[in-house]
Amino acid sequence: MKEQFAIGIDVGGSALKCGVVAKDGTLVHCFTEALIKTKGEAGIIEQIAGCIGQAAAAVQLKDGAVCGAGIGFPGIVENNVVIGGADNLPGFEQLPLGYLLETQTGYPTVVDNDANMMGVGEWVYGAAKGCTDIVFLTVGTGIGGALIINNRLYGGYRNRGTELGHIIIRHQGASCSCGSRGCFEAYASVTALISHYQSLKQEAGEPVDGRQLIERYLQKEAAAVTAMEQHFDHMAAGIAGYINIFSPQKIVVGGGISEAGGFYMQEVTERVGQLAMPATSLQTTLVAAALGNKAGLQGCAATVFQQQAGYDPVTVYNHSTN
Ligand SMILES: [Zn+2]
């Protein structure tokens, strides 16, 4: 029998990341295309279908078989239908993207929210491999997340929930991208961190990115230390809440900042220890994500493989507890 591969596509606001993934999670082929938005929704769908075709050709070169394609899409996705909510991709409302791509390419296609796909990637192949209960966070411009509960991705009723960046940690607090105030994202995102840092600097300097800010923190620059310490506090506030609700085995933190070094997770972990209830946090460890910016592609592929195998979380769960 030919070796089975799944195609993963991560749709971002400006690029399409595409990959061919083997069953053990190995990314055997990967390419990125700038997203062509000028032709609107139809053009983007055509471009995604083109990428699936290109990835499938790479599988054929390896004499393998494609078992399907997984798409990570920003915004709300219910049952392979994009409901909407991706600000950087106008259109895409009530759009049966899975069905359209399946018809165009001939491959079974599954679509879910991009952060969900990243969380699945870390669960199946990454930092939370073998766990049944996970909270995944991706910290960047905003904060996205995914929940795995009892060996199953949980998205709330009709997949509308798990907006983990938008729990309110401060009543009437800072304005948030979602239109509300005081959200976790408005305090703990890299955007919030950088704007806090810049407000602490007396003179207006060159704009900094997260990486430069971390360097300045490690050099003990006063403003960077203050901004980072507050960032750790805010991260801990949100995470302690998730632990008290879900008591997960692992909290996986992704996004570039989680790769800053061991000190990052350590600082957050120490603060979480002071905030979360001892009983709920006893079994929880905080870990940095392991798959980097490929987590979405691997999660898309994992979802395809799960569907192909008729994944039954109950069986898996019973098996893992035996
Ligand atoms: Zn919000």
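Take the sequence shown: its position 112, counted from the start at 1, is 115 in our numbering, and no numbers get skipped. Built from N, CA and C at the ideal position, the CB exists for glycine as well. Predicted model only: the values in this text are computed from it and were never measured.
If you check the CB distance, V127 and A239 do not come in under 8 Å. Contact residues of ligand 1 (beta-carbon closer than 5 Å to any heavy atom; chain order) are H169, C179, C181, S183, C186. In this chain, D236 is not harboured by any beta strand (DSSP E); it is covered by the alpha helix (DSSP H) spanning 225-249. Around the beta carbon of M4, a 10 Å sphere encloses fewer than 16 other beta carbons of the protein chains shown; the residue is thus reported as exposed.
Sorting L98, F308, I242 by C-alpha distance to the C-alpha of H169 places I242 at the top. Contact annotation: Q311 and L30 have beta-carbon atoms that are not nearer than 8 Å. DSSP places E125 in the helix class (H, G or I) of the three-state scheme. Between G213 and I146, the C-beta spacing is not below 8 Å. Beta-bridge analysis with DSSP links R155 to I152. DSSP places C70 in the strand class (E or B) of the three-state scheme. Here the region 71-86 makes contact with the region 7-14; the two share three or more CB pairs at distances below 8 Å.
Taken through DSSP and simplified to helix, strand or coil, T106 comes out as helix. Rounded to the nearest whole angstrom, the C-alpha separation of N119 and G158 is 8 Å. For R184, DSSP records a beta bridge to S178.
Per DSSP, G53 lies in no beta strand (DSSP E); the unbroken alpha helix (DSSP H) holding it starts and ends at 43-64. Under the three-state reduction of DSSP, I39 is assigned to coil, being neither helix nor strand. The DSSP-derived three-state label of E218 is helix. Taking 8 Å as the cut-off, the beta carbon of A293 is found closer than this to the beta carbon of G129.
In the DSSP assignment, C134 falls outside any alpha helix (DSSP H), carrying neither H nor E. Taking the C-beta atoms as reference points, E44 is found no nearer than 8 Å to L19.
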